[in-house]
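In mature numbering (1 follows the signal peptide of the UniProt record, and there is no 0), the protein residues as written are -24 to -1, 1 to 76.
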């Protein structure tokens, strides 16, 4: 009788574990990124006044914006959905903008 209860508890545990494994990964249901950053659009930002992240996303199609000042450390990984904007703190002008 004791073995029957232990077996039933083990079977129930395995059933719950198997059911939990069938759930979808939350990341797989997340909406896809709008698309890659457009390099030609990013280059047009050079020489203009500093812009907001939302404006940069709208202009370049990027979904991630990285705002830096010249000389700031930055990772070297290439992300096609990111635009990197370097702005001169003295003038507030964009020195360089690039995808990646």
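For glycine and all other residues, C-beta sits at the position ideal for the given N, C-alpha and C.
Quick one: using the 10 Å Cβ neighbour count with 16 as the cut-off for buried, is residue 32 buried or exposed? buried
Take the Cβ of residue 30 as the centre, count every other Cβ of all protein chains shown within 10 Å, and call the residue buried at 16 or more, exposed below. exposed
In angstroms with no decimal places, state the Cα-to-Cα distance between residue 68 and residue 54. 26 Å
Would you check if the distance between the CB atom of residue 37 and the CB atom of residue 22 is smaller than 8 Å? No, the Cβ-Cβ distance between residue 37 and residue 22 is not below 8 Å.
Once DSSP output is grouped into helix, strand and coil, what is the label at residue 35? helix
Within the continuous beta strand (DSSP E) that includes residue 62, where are the two ends? 58 to 63
Return the CA-CA distance between residue 7 and residue 49, expressed in angstroms with no decimal places. In this prediction, residue 7 scores a pLDDT of 46, lower than 50, which makes its location untrustworthy; the coordinate-derived value is nonetheless stated afterwards. Each residue's alpha carbon lies about 30 Å from the other.
Considering only C-alpha positions, which residue in the set 64, 12 and 66 is nearest to residue 35? Nearest option by C-alpha distance: 12.
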